[in-house]
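Notes to accompany the following structure.
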Amino acid sequence: MKKLVFIGSHLGYPMDSTPLGGGAMVGLQLVRHWTRRKDFKLISIGSGAASPDPNAEYIPIRTHARDGLVGLSELGYARFCREFEHRTTGYLADHATLFPVQDTVVVLNDISEGPDAARIAQLGYPILSIWHVDVVDFFNKMYLRDVLEPHRLTRAFDWLGRIGMNWAVPDLLRLVFEKQHRTVQYSRLMAVPSRRMSETIARCYGRISRGFPRHGPAQPLESRLLVVPWGGWSEQAPDPAVQQEVRRLRTQYRLGPQTRALITLSRISPEKGLHLLLEALRLLEASPDFPAQELCLFLCGEPAFMRGGSYARRVHAEARRLRRCRVFFPGYLSPIRKQAHFRLSNLFISPSIHESYGLSNVEALRAGLPILASDHSGV
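Sequential numbering from 27 applies to the sequence shown in this note's numbering.
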């Protein structure tokens, strides 16, 4: 029987209570969908302890992050990426007899966190990579403030390699530039969620056209890029339970008939731009355009890895500066509580600095909410 080995660093965690982002949620839904297929066997590999689906064959990979990923700093997360890379690559190499190359495809749910794509291809496996984030573009926006276009950064890194200077590049940068380059170089197919991400990848790596061991002649990059928006999925949120929660929350938040509610839903991380939303509300409070009705904001989500804790403190401090708009922090929402908060709200706001797709935007649209979003590649 054909086999699909699905490797996702964020698989194996309880997604109803763990803020790991859209890539983890898409990975979970893929496992649930593929497990029901009868024409191939799915083997999932992740870093969490619990199987993503009770009917799935799941292989947990132990790393130093035994207490979870949410509290990791940038350096701690970089260490986790390398550990997961080495151990998943080693697992496939050591168990190659269980996964015959002629019957197996490897699907990667990560770039920086994933296994060594070059080594996987050398073993003979065809690779499909799923791009939840363009790591170079993210790094450029969040750490370099868009000082250069992404394709100039990738070409600078490639130039260092051509002159033999890769040894001088810190490992953290190699996780960004080298891992993404290799993923492009050795993927038979790359699934990306938006046309603009596809165009950015083409600008950065359009010169790469390599053959794959045992898999035929070279293929141009454009033929290996497939735009597949993730869409959305239904969650278990029975209407009677949602209505009951709406009534409870209306009392808890003391919402009157004329109250207008804004909502944003994301991990509390710098790239989500929550400070920009709060700053905009502060400016609105000082302007004559502030609405006559009572205004409140549901700022939903929990701090995530890589500066999430410090950023959450900043967000709470910014919220305390507001005088006319009440801000509530409901935390990480279960499906029922999420739908209840949507029903209480009048407008969904996505102030992200970087967004690859925006699953929460899709959820808000499905709930019937209008959306105000910053202009970026994913929305």
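Think of the CB as a built atom: it goes at the ideal place given N, C-alpha and C, for glycine as much as any other residue.
From a predicted model like this one, the values you see are computed outputs, not experimental measurements.
- Sorting Ser-213, Val-272, Gln-245, Glu-271 by C-alpha distance to the C-alpha of Val-133 places Ser-213 at the top.
- In the DSSP assignment, Val-210 is bridged to no other residue.
- Within a 10 Å sphere around the beta-carbon of Gln-365 sit 16 or more other beta-carbons, which makes this residue buried.
- When the beta-carbon positions are compared, Ser-70 and Phe-110 stay at least 7 Å from each other.
- Between the alpha carbons of Arg-222 and Cys-230 lies a distance of about 12 Å.
- The region 192 to 207 makes no contact with the region 250 to 265; the number of CB pairs closer than 8 Å stays below 3.
- Under the three-state reduction of DSSP, Gly-53 is assigned to helix.
- Apart from sequence neighbours up to five positions away, the residues of its chain that approach Ala-399 with a beta-carbon distance below 7 Å are Ser-376, Asn-387, Val-405, ordered along the chain.
- In the three-state scheme derived from DSSP, where H, G and I count as helix and E and B as strand, Lys-64 is classed as coil.
- Runs of the beta strand (DSSP E) lying entirely within the region 285 to 326 and spanning at least 3 residues, in chain order: 286 to 291, 321 to 326.
- With fewer than 16 other Cβ atoms inside 10 Å of its own Cβ, Asp-42 counts as exposed.
- Around the Cβ of Lys-28, a 10 Å sphere holds fewer than 16 other Cβ atoms; the residue is exposed.
- The region 81 to 89 makes contact with the region 98 to 115; the number of CB pairs closer than 8 Å reaches 3 or more.
- Along the length of the region 128 to 183, whole alpha helix (DSSP H) runs at least 4 residues long occupy 143 to 148, 161 to 169, reported in chain order.
- The continuous alpha helix (DSSP H) containing Phe-110 extends over residues 100 to 120.
- Under a 10 Å Cβ-count criterion, Gln-269 is classified as exposed, with fewer than 16 other Cβ atoms of the shown protein chains found around its own Cβ.
- Proximity of the region 49 to 57 to the region 72 to 83 meets the contact definition, three or more beta-carbon pairs being nearer than 8 Å.
- Taking C-beta atoms as the reference points, Pro-40 and Ala-330 fail to come closer than 7 Å.
- At a Cβ-Cβ threshold of 7 Å, Leu-307 and Leu-348 count as neighbours.
- In the three-state scheme derived from DSSP, where H, G and I count as helix and E and B as strand, Phe-354 is classed as strand.
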